[in-house]
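The structure under discussion appears below in the form of structure tokens.
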Amino acid sequence: MYTLPDLPYDYAALEPAMTGQILELHHDKHHAAYVKGANDTLEQLAEARDKGELGGLVGLEKTLAFNLSGHVLHSIFWTNLSPDGGDRPDGDLGAAIDEHFGTFDAFKAQLTTATQGVQGSGWGVLAWEPLGKRLIITQVYDHHGNVGIGSVPILVFDAWEHAYYLQYKNVRPDYVGKLWSLVNWEDVAARFAAAKG
Ligand code: MN
Numbered sequence: 676m677y678t679l680p681d682l683p684y685d686y687a688a689l690e691p692a693m694t695g696q697i698l699e700l701h702h703d704k705h706h707a708a709y710v711k712g713a714n715d716t717l718e719q720l721a722e723a724r725d726k727g728e729l730g731g732l733v734g735l736e737k738t739l740a741f742n743l744s745g746h747v748l749h750s751i752f753w754t755n756l757s758p759d760g761g762d763r764p765d766g767d768l769g770a771a772i773d774e775h776f777g778t779f780d781a782f783k784a785q786l787t788t789a790t791q792g793v794q795g796s797g798w799g800v801l802a803w804e805p806l807g808k809r810l811i812i813t814q815v816y817d818h819h820g821n822v823g824i825g826s827v828p829i830l831v832f833d834a835w836e837h838a839y840y841l842q843y844k845n846v847r848p849d850y851v852g853k854l855w856s857l858v859n860w861e862d863v864a865a866r867f868a869a870a871k872g
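Residue numbers (our numbering): 676 to 872.
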């Protein structure tokens with residue numbers, strides 16, 4: 676069974692960049708729905724196996740990928756953010772960003788554009804790609820499309836309208852700009868170290 680993780684801060688902790696109303700709905704309703712969706716789908720898969728009725732397998736696999744990926748991404752998103760976030764990383768992560776993107780500013784411009792430019796619903800993601808041993812930025816569609824398989828997300832920006840619309844309306848770039856002021860680089864650096872190890 677998957678469970679909804681508690682937020683590591685209060686609903687209002689990320690204001691004014693992100694209102695408490697948005698955070699409460701986003702965590703308690705949207706994220707919770709992905710957790711329930713993943714559990715329900717696994718149950719349906721078990722039932723289908725037990726009965727030997729696998730005719731609906733393709734649909735169930737798609738539903739599992741959507742909901743499980745939504746759960747994973749939101750679980751990372753909450754810990755990627757902090758009321759004390761912002762600035763830029765140093766240490767190994769800062770050096771790796773320079774190595775793979777040129778400069779922090781060039782990296783920031785690419786991830787900003789990737790997040791702002793998602794067509795429909797999706798995410799901008801910084802990931803560790805283990806085969807090439809490098810950082811990459813990907814645009815994830817929905818929660819699971821357009822992904823380089825095996826890549827490990829270490830910093831994720833939610834570009835779904837539910838993440839910002841109540842506060843920023845249609846102006847996604849303003850929301851993405853404010854997200855940078857919330858980034859918990861300690862968490863990103865820990866994820867980077869774990870992914871590399
Ligand atoms: Mn979301």
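Ideal placement from N, C-alpha and C gives every residue a C-beta, glycine not left out.
Inset, instruction - Return yes when at least one heavy atom of the ligand MN lies under 8 Å from the C-beta of Phe752, else no. - result: In the sequence shown, counting from the first residue as 1, residue 752 sits at position 77. Checking the Cβ of Phe752 against the ligand MN gives yes.
Legend entry - the ligand MN heavy atom lying under 8 Å from the CB of Trp835: The residue given as residue 835 occupies position 160 in the sequence shown. At least one heavy atom of the ligand MN is nearer than 8 Å to the Cβ of Trp835, so yes.
Inset, instruction - Please confirm if the region 805-820 is in contact with the region 738-750, defined as three or more CB-CB distances below 8 Å between the two stretches. - result: yes
Legend entry - Start-to-end residues for the beta strand (DSSP E) that takes in Gly852: By 1-based counting over the sequence shown, the position of residue 852 is 177. According to the DSSP assignment, Gly852 belongs to no beta strand (DSSP E) but to the alpha helix (DSSP H) extending over 847-854.
Legend entry - Through-space distance from Tyr686 to Gly731, alpha-carbon basis: The residue labelled residue 731 in the question sits at position 56 within the sequence shown. The residue labelled residue 686 in the question sits at position 11 within the sequence shown. One C-alpha to the other measures close to 39 Å.
Inset, instruction - Assess, as a yes-or-no matter, whether the region 820-833 is touched by the region 714-732 under the definition of 3 or more beta carbon pairs within less than 8 Å. - result: no
Legend entry - Secondary structure of Leu756, DSSP reduced to three states: In the sequence shown, counting from the first residue as 1, residue 756 sits at position 81. In this structure, Leu756 counts as strand in the three-state DSSP scheme.
Legend entry - Trp753 vs Trp798 beta-carbon contact at 9 Å: By one-based count along the sequence shown, residue 753 stands at place 78. By one-based count along the sequence shown, residue 798 stands at place 123. No, these two residues do not count as a Cβ contact at 9 Å.
Inset, instruction - Spell out a yes or no on whether the region 844-856 and the region 702-715 are touching, meaning 3 or more CB-CB pairs, one atom from each, closer than 8 Å. - result: Touching, no, given that fewer than three Cβ pairs across the two stretches are closer than 8 Å.
Inset, instruction - Please state whether DSSP places Glu836 in a helix, a strand or coil. - result: Along the sequence shown, one-based indexing puts residue 836 at 161. Helix at Glu836.
Legend entry - Cβ-heavy atom distance, His706 to the ligand MN, below 8 Å: Indexing the sequence shown from 1 puts residue 706 at position 31. Yes, the beta carbon of His706 sits closer than 8 Å to at least one heavy atom of the ligand MN.
Legend entry - Candidates Tyr677, Leu857, Ala713, Thr694: closest to His837 by CA position: Against the sequence shown, residue 837 aligns to sequence position 162. Here the closest residue by C-alpha is Thr694.
Legend entry - Backbone secondary structure at Thr694 - three-state DSSP: Here residue 694 corresponds to residue number 19 of the sequence shown, with the count starting at 1. Thr694 falls in the coil class under three-state DSSP.
Inset, instruction - Using 10 angstroms around the beta-carbon of Gln794, count the other beta-carbons present and answer buried if the total reaches 16, otherwise exposed. - result: Numbered from 1 along the sequence shown, position 119 holds the residue referred to as residue 794. Classification of Gln794: exposed, given that the 10 Å Cβ count is below 16.
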